[in-house]
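So for the sequence shown, this note's numbering puts the first residue at 203; every next one is plus one.
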Amino acid sequence: MVRRWGGDSATPVWEVNTWSVAAFNALPACECRIHNPVGDDAEWTDGDRKLMSDVTGYGWHNVGITPRPGQPSWVFSVGVWHTLRFPEVAMFGLQMTDMGMWINAIGEQVRAGRPPEPGVPVVGVIEGFPVELRPVHQSWYRDLLGYGMWFYRAWFPVLQIVWPDRNGLFPWDEGAGERCRRDQPVLWRPAEEQPLGQWRYGERGLDWLWPDAPDRKVFVSKRITDEGYALTYVVHDRDGDWQFLDGATVSKGDVVVAHLGDMASRFPTTNGLGGLPVGWHAWIGPLGDWIRAPIPR
Ligand SMILES: [Zn+2]
Numbered sequence: 203m204v205r206r207w208g209g210d211s212a213t214p215v216w217e218v219n220t221w222s223v224a225a226f227n228a229l230p231a232c233e234c235r236i237h238n239p240v241g242d243d244a245e246w247t248d249g250d251r252k253l254m255s256d257v258t259g260y261g262w263h264n265v266g267i268t269p270r271p272g273q274p275s276w277v278f279s280v281g282v283w284h285t286l287r288f289p290e291v292a293m294f295g296l297q298m299t300d301m302g303m304w305i306n307a308i309g310e311q312v313r314a315g316r317p318p319e320p321g322v323p324v325v326g327v328i329e330g331f332p333v334e335l336r337p338v339h340q341s342w343y344r345d346l347l348g349y350g351m352w353f354y355r356a357w358f359p360v361l362q363i364v365w366p367d368r369n370g371l372f373p374w375d376e377g378a379g380e381r382c383r384r385d386q387p388v389l390w391r392p393a394e395e396q397p398l399g400q401w402r403y404g405e406r407g408l409d410w411l412w413p414d415a416p417d418r419k420v421f422v423s424k425r426i427t428d429e430g431y432a433l434t435y436v437v438h439d440r441d442g443d444w445q446f447l448d449g450a451t452v453s454k455g456d457v458v459v460a461h462l463g464d465m466a467s468r469f470p471t472t473n474g475l476g477g478l479p480v481g482w483h484a485w486i487g488p489l490g491d492w493i494r495a496p497i498p499r
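Below, the structure is given as structure tokens:
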């Protein structure tokens, strides 16, 4: 049976330190886009093609989410589960290049036949600082690991690499440093148990409020993706297409294609625009909230 997204109660939930390599091996075969091609290759973005070729050529692809004010960056692998039958790994709150390197170090340990064990600090990832791996609750996938959902199209296991503070204390240890608590989400607990904050916005972790699937292609101004311009104008075209813009005029060469799920995670201010009817647009008004109106004919 294919486990799709949408609250299937058969989806396994891993408790802290109860995961094991044997349990992963007992799971059904991966239903990813390589094992089960979807046939939508013609619609892939350059990013999609890069991800697929990295998984095929190297074993996995690391997705990096750049930091924003009030939110640290994070990096997660896509392909480790497909290639090595070991969970994907995700890391939060440090330099993106370092996190990518450390994720690769864990992948290489698995590839060399030395997979990490539950509850045993993993050495050799960060020099001098053993890290711990904890299973990620699926309530977080949509917000934080959307590209993995695009690739696997069904549930897949993920472990969070949790790093300690300078004294070797983990976020769950008494007296742990503020930064190590603040810059790492607690993904081994369900999202709904946790306060709203930098990793969780409104009910977004629980309900997908957009009328289209997270892998829906949308158009985004390059000024937003490449130059850090603010997202201030959203168009839900009469043909159903979504455009995420910065308010300045755009021509065809000014936009790139992205996934709706990716945009929703990167721009939590768009939460609530899912109800924008076809043929409407919305812009940020003087009070900072979205003003909605039909697109003039
Ligand atoms: Zn696969």
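Every residue, glycine too, gets a C-beta built ideally from N, C-alpha and C.
*Can you tell me where the alpha helix (DSSP H) with V257 in it begins and where it stops?*
Note, V257: alpha helix (DSSP H), D248 to G259.
*Measure the alpha-carbon distance for R406 versus F469 and round it to whole angstroms.*
Residue placement at R406 is flagged as unreliable, the pLDDT there being 44, under the threshold of 50; the coordinate-derived value follows with that caveat. Approximately 12 Å between the Cα atoms of the pair.
*Smallest Cα separation from V324: which of F288, P289 and W365?*
Across the set F288, P289 and W365, the C-alpha of W365 shows the shortest separation from the C-alpha of V324.
*Along the chain, which unbroken stretches of the alpha helix (DSSP H) at least 4 residues long are found entirely within the stretch 259-336?*
Whole alpha helix (DSSP H) segments, 4+ residues: 282-286 and 298-313.
*Please determine if the stretch 251-264 and the stretch 284-303 are in contact, where contact requires at least 3 C-beta pairs separated by less than 8 Å.*
As far as the Cβ criterion goes, the stretch 251-264 touches the stretch 284-303, which means the pair count is three or higher.
*Can we count E290 as close to ligand 1, meaning its CB is less than 8 Å from some heavy atom?*
Not under cutoff, so the answer is no.
*Report the residue from R494, W492, T451 and R440 whose alpha carbon sits nearest the alpha carbon of V480.*
Cα-wise, what sits closest to V480 is R440.
*Measure from the alpha carbon of W357 to the alpha carbon of each residue in H339, E329, A432 and V388, then state which is nearest.*
It is H339 whose Cα lies nearest to the Cα of W357.
*By Cβ distance, which residues of its chain are closer than 6 Å to H483, with the 5 residues on each side in sequence left out?*
Setting aside the 5 residues that flank it on each side, H483 is surrounded in the same chain by V437 and I497, each with a C-beta closer than 6 Å to its C-beta; the list follows chain order.
*Three-state secondary structure (DSSP) at Q362?*
In the structure shown, Q362 sits in a strand (DSSP, three-state: E or B).
*asked:* Using the three-state DSSP reduction, which class does A225 fall into: helix, strand or coil?
replied: A225 falls in the helix class under three-state DSSP.
*Ends of the beta strand (DSSP E) at I486?*
Going by DSSP, I486 is part of the beta strand (DSSP E) stretching over W482 to I486.
_Based on DSSP bridge pairs, tell me the residues matched to P496._
DSSP lists W482 as partners of P496.
_Following a CB-centred definition, is H284 positioned closer than 8 Å to any heavy atom of ligand 1?_
Result yes, Cβ under 8 Å from ligand 1.
*Name the DSSP beta bridge partners of S423, please?*
S423 is bridged to V457.
*Where the beta strand (DSSP E) through L389 begins and ends*: Unbroken run through L389: none, as it is neither H nor E.
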